[in-house]
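Residue numbers (the working numbering): 50 to 417. Every residue, glycine too, gets a C-beta built ideally from N, C-alpha and C. Keep in mind it's a predicted model, so treat the numbers as computed, not measured.
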Amino acid sequence: MSALPLPKRATCASHMQRPTLSKNTLWNGRPQAAESARLRCRASSSTPSVLQKMSRVIQEKGRDFGKLVSGTERTRAKLGVLEELFVLWNLEDADSELEELEDALIMADFGPGTAFKIVDQIREKVDSGELKSGEEIRESLKKLIVDILSGDNELRLSSEKPSVLLVVGVNGGGKTTTIGKMAYKFANQGASVMLAAGDTFRAAAGEQLDQWAKRSNAEIVLAEDDKTRPDTVLYKAVAKAVEKDIDLVLCDTSGRLHTNWGLMEELAKCKKSIGKCLDGAPHETLLVLDGTTGMNMLNQAKEFNESVGLSGIILTKLDGSSRGGAVVSVVDELNLPIKMVGVGEGVEDLQPFDPVSFVDALFPDGTR
Ligand SMILES: Nc1nc2c(ncn2[C@@H]2O[C@H](COP(=O)(O)OP(=O)(O)OP(=O)(O)O)[C@@H](O)[C@H]2O)c(=O)[nH]1
Ligand SMILES: [Mg+2]
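And the structure:
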């Protein structure tokens, strides 16, 4: 790694101002939230970069409620039992009604911890007389879930070029496809994009990313041979992006089982190598979660967060029969915001995450 030249702008003044976070600070959810708030602050106090303007455009564009509705069908079917419970809500028998509510949430993959927390808050409001009818309880439930899911849902981009996003996750979750879609979206808005083929494990991975690069006219850095290490590829890509004044670097990585300690160590090295090349990078470390996975999502997120420190989640395959309830417990337990959702295999099938639309898709008004 030391043989690679340090890019000229890696130590520019604005990057130097960023405090170096200790391992513990970075990996703990709350200080990270404070850090992101500080970044938002910094972004608003300086002239917004082309990327920040674009990220706003991307946030505003392309919400497709229909796909969210079809993708969350499985969870909605499980939550369907609640509609009857709400219609027939009997205040006299609130304890057993609330138990039924808790069971239904657990069945819909919310996880016992999150289900218990939500129902406990509703119980308090029922006991105090604030909530009386099933309709009020339904609305309160929706609001509590929206509150859990609402956080720093926008992509955190640097006001200095380049912004670097590292994408991680288990095999087949949709990392490469999501990177391809992101490259397309940003390039379409006029940003220059560099793809880093950090999946040096799977033979065809570089080729797959190269195809996405061609679709969006993005540059790409590939491994030179089959001995090239992923951290070297990522370092080179960031260095080249700095040298060529590129707006955005999207770093792909190999899929890995969260239980494989050696591979998780390798991922930590990848992240470190990006930071060595450019102070403050990566600006986002995003975990791709396959929406059809169910409660195993939580274990994956815990392990990846512990090994590399995550800043957010991209939830994919929300067009299939996803088990969207599970992601609520991931957000709740790890304090990680969902930044984007994948709603198909096409180049346009990436949407910003909107908690209200997501919860409306789980509890559509028409079913009452
Ligand atoms: N339906 C649907 N399919 C998706 C979505 N995102 C990705 N896929 C598909 O999921 C499969 C795996 O996607 P990849 O992008 O190769 O996943 P990956 O995480 O890079 O996989 P590895 O590199 O092997 O770890 C492909 O067939 C994609 O087309 C999505 O949002 N919806
Ligand atoms: Mg891949």
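Run of the beta strand (DSSP E) containing residue i, from where it starts to where it stops
| i | result |
| --- | --- |
| K388 | 387-391 |
| L215 | 212-217 |
| G338 | Looking at the sequence provided, one finds Leu at residue 338 rather than Gly. Taken as a continuous stretch (DSSP letters only), the beta strand (DSSP E) holding L338 covers 333-339. |
| V270 | 268-270 |
Any non-hydrogen atom of ligand 1 within 7 Å of residue i CB
| i | result |
| --- | --- |
| K366 | yes |
| K320 | no |
| R251 | yes |
| N139 | no |
| T308 | no |
| G373 | no |
| V337 | yes |
Whole-number beta carbon distance between residue j and residue i, since they are thought to touch under 8 Å
| i | j | result |
| --- | --- | --- |
| V216 | C319 | V216 to C319, Cβ: 11 Å. No contact. |
| S360 | L335 | 7 Å |
| V379 | L399 | With a Cβ gap of about 19 Å, V379 and L399 do not count as contacting. |
| T163 | E382 | 7 Å |
| D275 | S212 | Not a contact, Cβ separation roughly 30 Å. |
| I228 | V287 | At roughly 15 Å, the Cβ-Cβ gap does not stay under 8 Å, so I228 and V287 are not in contact. |
| G222 | V337 | 4 Å |
| L316 | V270 | Not really, about 18 Å apart at Cβ, beyond 8 Å. |
For residue i, three-class secondary structure by DSSP
| i | result |
| --- | --- |
| F402 | coil |
| I295 | coil |
| D328 | coil |
| M313 | helix |
| M243 | strand |
| S303 | coil |
| G358 | coil |
| T225 | helix |
| T249 | coil |
| L364 | strand |
| L411 | helix |
| E185 | helix |
| D259 | helix |
| P80 | Note on P80: pLDDT 31, under 50, position unreliable in the model; the coordinate value appears next. It is helical. |
| V47 | Past the boundaries of the shown model lies residue 47; the chain is included only from 50 to 417, so the question cannot be answered. |
| K72 | Residue confidence is low: K72 scores 29 on pLDDT, short of 50, so the model does not pin down where it sits. Its coordinate-derived value is still stated next. K72 falls in the helix class under three-state DSSP. |
| Q170 | helix |
| Q66 | For Q66, the predicted model reports a pLDDT of 34, less than 50, meaning its position is unreliable; a value from the coordinates is still stated below. Here Q66 sits in coil by DSSP. |
| L495 | The question about residue 495 has no answer, for the chain in this structure spans 50 to 417. |
| S322 | helix |
| K276 | coil |
| M8 | No information on residue 8 is available, as it lies outside the stretch 50 to 417 that the chain covers here. |
| M346 | helix |
First through last residue of the alpha helix (DSSP H) which encompasses residue i
| i | result |
| --- | --- |
| S119 | 114-120 |
| D144 | 143-156 |
| T308 | T308 -> no alpha helix (DSSP H), and no H or E assigned at all. |
Residue i CB to nearest heavy atom of ligand 2 below 7 Å
| i | result |
| --- | --- |
| K224 | yes |
| A254 | yes |
| D248 | yes |
| G304 | yes |
| D280 | no |
| D403 | no |
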